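The structure under discussion appears below in the form of structure tokens.
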Amino acid sequence: MRQPNRRLASLPGYPLAELPGIKRRLIQAGRDIIDLGAGDNDMPPPQEVVAAMQEAVTDPAMSKYGFQQGLPEFRVSAAGYLERRFGGAVTVDPVKELLPMIGSKEGIAHLPFGLVEPGDVAIIPEPGYQAYLGGAVLAGAEPFIVPLRAEEDFLVEIDALPEVVLQRAAVVYLNYPNNPTTAVAPLDYLERVVSACRRHEIVLVYDNPYCDLTFDGYVAPSVLEVPGAKDVAIEYFTLSKSFSMTGWRIGFVAGNQELIACLTKVKTYIDTGPFLAVQRAGCAALDEAERLVAPVVETLGERRDAAVQSLQAAGFAVAPPRATMYVWIPLPEGIRSAEFAKVALEEFDVLVLPGSGFGPAGEGFFRIALTVSAERLTEGSKRLGRALNALQGGAVETRA
Ligand SMILES: Cc1ncc(COP(=O)(O)O)c(C=O)c1O
Numbered sequence: 002m003r004q005p006n007r008r009l010a011s012l013p014g015y016p017l018a019e020l021p022g023i024k025r026r027l028i029q030a031g032r033d034i035i036d037l038g039a040g041d042n043d044m045p046p047p048q049e050v051v052a053a054m055q056e057a058v059t060d061p062a063m064s065k066y067g068f069q070q071g072l073p074e075f076r077v078s079a080a081g082y083l084e085r086r087f088g089g090a091v092t093v094d095p096v097k098e099l100l101p102m103i104g105s106k107e108g109i110a111h112l113p114f115g116l117v118e119p120g121d122v123a124i125i126p127e128p129g130y131q132a133y134l135g136g137a138v139l140a141g142a143e144p145f146i147v148p149l150r151a152e153e154d155f156l157v158e159i160d161a162l163p164e165v166v167l168q169r170a171a172v173v174y175l176n177y178p179n180n181p182t183t184a185v186a187p188l189d190y191l192e193r194v195v196s197a198c199r200r201h202e203i204v205l206v207y208d209n210p211y212c213d214l215t216f217d218g219y220v221a222p223s224v225l226e227v228p229g230a231k232d233v234a235i236e237y238f239t240l241s242k243s244f245s246m247t248g249w250r251i252g253f254v255a256g257n258q259e260l261i262a263c264l265t266k267v268k269t270y271i272d273t274g275p276f277l278a279v280q281r282a283g284c285a286a287l288d289e290a291e292r293l294v295a296p297v298v299e300t301l302g303e304r305r306d307a308a309v310q311s312l313q314a315a316g317f318a319v320a321p322p323r324a325t326m327y328v329w330i331p332l333p334e335g336i337r338s339a340e341f342a343k344v345a346l347e348e349f350d351v352l353v354l355p356g357s358g359f360g361p362a363g364e365g366f367f368r369i370a371l372t373v374s375a376e377r378l379t380e381g382s383k384r385l386g387r388a389l390n391a392l393q394g395g396a397v398e399t400r401a
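Here the sequence shown stands for residues 2 to 401, numbered as in this note's numbering.
What follows is the structure in structure tokens.
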């Protein structure tokens, strides 16, 4: 049998791929697994969005191909959301500067197929969302991995990268509020990034799925707020996280017109756009985003506080994140994240993601998702403390 090509073979296994199988096996064996793995909230989608979907599916017109144009109202709702959400600083033409997507992952991964030439470099932060690496490498780019370091606030300083990389770089991927580190980006940082990308003619792919999931009064910016950003940037948004709609597969991308046209053309050859009924329901979500996201943020904030307090009590040196639905937790020196995650799951019944699953630069950390109740997070944190204790040579006390 012909083997997968070198590009595919060069990619590591997807970090989440084998976890559902292990979890299923343990649950079948009667174990009470607390799953803090995937960023897939336990909350239901908003009731009015479900109602809009129910109505939309009864309209035969919604069962037709959407093509890349999709539902014009969805484009208008998405552009309206951006304008409201970023205080008027982000205005886009819903037809030329915006594109509906089947969730943001596909659009992120598909863009480089229309953008990179063989030998071009893609600047990829690590740890990071794996679709940046996957899309860029499958499209033939050479990845240049930039480790995100806690002492640098997990920011990528483009001007500090080697000149030879900057000369060959076609694209850089940035994501703040960041998965998995939970780092946020100040506006003056985004200004530096836009300026560097303009000078070096690098496409700036800004991934902003967590912009509405922020705490303690923090408001996350859009890179498109920066004057001149639209010359070099496109920004990805999704309804997955804010509206608990991961399975619905709906998102959109906005920004530079040529980049939108490039992605549109690529997708014309690959897919036929999101289900029109989902786009209609998406309007119901985006038009009422402020009201609908508020309870999600409130619940995530309570969960964050419960998780951070109980993790600290269990011996982890963790600070409360200002955004996202995750906590990124440092491990004591000498404990490998994959080993910690294995012991946590197999001995203590808690599923967490090892930092190394987000690339080698994620070593020394693990990620939990705030996707279960505060009570379960508190119980999960206690169990994680026991796993830590066991690995540090403390009393081996398994499932209590
Ligand atoms: C940083 C980041 N970008 C993009 C996505 C993709 O989300 P979706 O494809 O559901 O829109 C995720 C999902 O976890 C993510 O964490």
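Glycine included, each C-beta is placed from N, C-alpha and C at the ideal position. On a predicted model such as this, the values are computed, not experimentally measured, just so you know.
Asked                                                                                                      : Found
Cβ contact (3+ pairs, closer than 8 Å) linking the stretch 350 to 364 and the stretch 159 to 171           : no
Secondary structure of glycine 256, DSSP reduced to three states                                           : strand
The alpha helix (DSSP H) enclosing threonine 379, as first and last residue numbers                        : 375 to 392
Ligand 1 heavy atom lying under 7 Å from the CB of lysine 231                                              : no
Counted within 10 angstroms of its Cβ, other Cβ atoms place methionine 1 as buried (16 or more) or exposed : Residue 1 lies beyond the range of the chain shown here (2 to 401); nothing can be said about it.
Paired residues, beta bridge with threonine 239 - DSSP                                                     : Gly252
C-alpha gap between threonine 399 and methionine 44, whole angstroms                                       : With a pLDDT of 49 at threonine 399, under the threshold of 50, the predicted position of this residue should be treated as unreliable, though the coordinate-derived value follows. Their backbone Cα atoms lie some 30 Å apart in a straight line.
Buried or exposed by the 16-neighbour rule on C-beta atoms within 10 Å, applied to glutamate 153           : exposed
Strand pairing of aspartate 60, partner residues [DSSP]                                                    : Aspartate 60 pairs with nothing; no bridge assigned.
Three-state secondary structure (DSSP) of proline 178                                                      : coil
Rounded separation between tyrosine 237 and glycine 394 - CA only                                          : 45 Å
Span separating the alpha-carbon of methionine 54 from that of glycine 14                                  : 35 Å
Three-state secondary structure (DSSP) of phenylalanine 367                                                : strand
Extent of the continuous alpha helix (DSSP H) to which alanine 342 belongs                                 : 338 to 347
Member of Val233, Val166 and Thr183 whose CA lies at the smallest distance from the CA of arginine 193     : Val233
Among Val77, Phe244 and Pro355, nearest to valine 297 - alpha-carbon criterion                             : Phe244
Bridge partner(s) assigned by DSSP for serine 354                                                          : The question names serine, but residue 354 is leucine in the sequence shown. Partner(s): Arg368.
Through-space distance from alanine 39 to glutamate 19, alpha-carbon basis                                 : 12 Å
Distance between leucine 346 and aspartate 208 (C-alpha atoms, nearest Å)                                  : 30 Å
Beta carbon of arginine 250 nearer than 8 Å to that of glycine 104                                         : yes
Exposure of alanine 151, with buried meaning 16 or more beta-carbon neighbours within 10 Å                 : exposed
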